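Working notes, structure below.
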Amino acid sequence: MGSQLSTSNVSVSSSPEPRRTKDMTAGMGAACHFSVQALGATELALLGHYLSHTSRTIPVDAVDRYALQIGIPNLAFHNRTVMSSLLALAAVSKCHGLARTDAAALDDGALLAGIGELLEFAGDHHKASLRQIQATIQSSAHYEAVLANAPLMVFYCSADHAVRVRLARAARLRGVSLPGDLYTVEWKPSAVLEGIVGT
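Note that UniProt numbering numbers the sequence shown so that position 86 is 86, with each residue one more than the last.
Here it is in structure tokens:
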């Protein structure tokens with residue numbers, strides 16, 4: 001993933017975490033503040049996607065809408081753990097839209113590779129957020145980040161699984177193979193045999 005690939009206005013870079021400015025909150029641990037100016041082009045594009053699309057499709061009422069469109073983004077601007085989860089969700093949301101709206105995604109190698117890179121980018125940010133939460137979960141000073149992060153992680157996991165299942169179903173119906181990293185464990189052709197044989 002060292003190169004950059006543009007997929008519908010999203011250029012995916014290999015950095016799993018945004019560059020940070022000088023740490024002004026020494027001693028606060030993994031949830032320290034960072035500057036939104038430290039976000040790269042990929043992160044800013046995905047932040048825009050989150051604000052204009054993702055945060056508007058999930059809410060079911062005004063309370064959800066406020067939390068997802070205003071509360072969580074404002075917290076994310078000051079907390080890299082929440083920002084990582086927000087970016088992971090935005091990236092997988094972008095993949096969901098690409099896989100759903102483009103029926104020929106399986107025939108377009110560049111688009112499929114772009115979806116794969118976005119899913120990898122999302123996974124990297126999700127893992128970074130998990131590590132940061134594990135480091136701060138015992139501290140009551142970070143309860144807002146922990147509480148805000150929980151639904152973002154659930155949404156991310158559900159959406160990631162849905163994208164992979166959609167791609168696997170489409171591939172099976174068309175009789176084509178996906179790159180191995182795009183399958184979910186349940187859909188991997190070798191997963192059943194690995195479970196039986198234990199390899």
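We treat Cβ as the ideally placed atom computed from N, Cα and C, and that holds for glycine.
Values in this document were obtained by computation on a predicted structure and should not be read as measured data.
Can you give me the start and stop residues for the alpha helix (DSSP H) that N149 sits inside? Translated into the one-based positions of the sequence shown, residue 149 becomes position 149. 143-174 is the span of the alpha helix (DSSP H), which, as asked, contains N149.
Hey, how far is the Cα of G116 from the Cα of A159? One-based indexing of the sequence shown puts residue 116 at position 116. One-based indexing of the sequence shown puts residue 159 at position 159. Cα to Cα, G116 sits roughly 14 Å from A159.
With A113 as the anchor, note down where its alpha helix (DSSP H) starts and where it stops. The residue labelled residue 113 in the question sits at position 113 within the sequence shown. Residues 109-136.
Determine, using beta-carbon pairs with one atom in the segment 79-88 and one in the segment 41-50, whether at least three such pairs fall under 8 Å. yes
Would you mind giving the Cβ-Cβ distance between H126 and M153, rounded to the nearest angstrom? I have them listed as a contact below 8 Å. Mapped onto the sequence shown, residue 126 falls at position 126. Mapped onto the sequence shown, residue 153 falls at position 153. Confirmed, about 7 Å.
Going by Cα to Cα distance, which pick from A135, A148, F155, H142 is closest to A122? Stepping through the sequence shown from its first residue, residue 122 is reached at position 122. Minimum Cα distance to A122 is reached at F155.
Specify the secondary structure class of G180 as computed by DSSP and reduced to three states. Stepping through the sequence shown from its first residue, residue 180 is reached at position 180. Looking at G180 - three-state DSSP - the assignment turns out to be helix.
Taking only the alpha-carbon atoms, compute the straight-line gap between H161 and Y183 and give it to the nearest angstrom. The sequence position of residue 161 within the sequence shown is 161, counting from 1. The sequence position of residue 183 within the sequence shown is 183, counting from 1. When rounded, the distance between both Cα atoms is 9 Å.
Within 8 Å, strictly: CB atoms of T81 and I133: Stepping through the sequence shown from its first residue, residue 81 is reached at position 81. Stepping through the sequence shown from its first residue, residue 133 is reached at position 133. Cβ atoms of T81 and I133: closer than 8 Å.
Just the C-alpha distance for T136 and L130, rounded to the nearest angstrom, thanks. Taking the first residue of the sequence shown as 1, we reach residue 136 at position 136. Taking the first residue of the sequence shown as 1, we reach residue 130 at position 130. So the two alpha carbons sit approximately 10 Å from each other.
Rounded to whole angstroms, what is the Cα-Cα separation between L51 and Q69? As a working mapping, residue 51 is identified with position 51 in the sequence shown. As a working mapping, residue 69 is identified with position 69 in the sequence shown. If you take the alpha carbons of L51 and Q69, they lie about 6 Å apart.
Are the CB atoms of A99 and R166 within a distance shorter than 8 Å? If you number the sequence shown from 1, residue 166 lands on position 166. If you number the sequence shown from 1, residue 99 lands on position 99. Taking 8 Å as the Cβ cut-off, R166 and A99 qualify as a contacting pair.
Distance, Cα to Cα, R169 vs V163? Numbered from its first residue, the sequence shown carries residue 169 at position 169. Numbered from its first residue, the sequence shown carries residue 163 at position 163. Approximately 10 Å, taken between the alpha carbons.
What do you reckon, are the CB atoms on V72 and A148 nearer than 8 Å? Stepping through the sequence shown from its first residue, residue 72 is reached at position 72. Stepping through the sequence shown from its first residue, residue 148 is reached at position 148. Before going on, a small fix: residue 72 reads as Ile here, not Val. Against a cut-off of 8 Å, the Cβ pair of A148 and I72 comes out as a contact.
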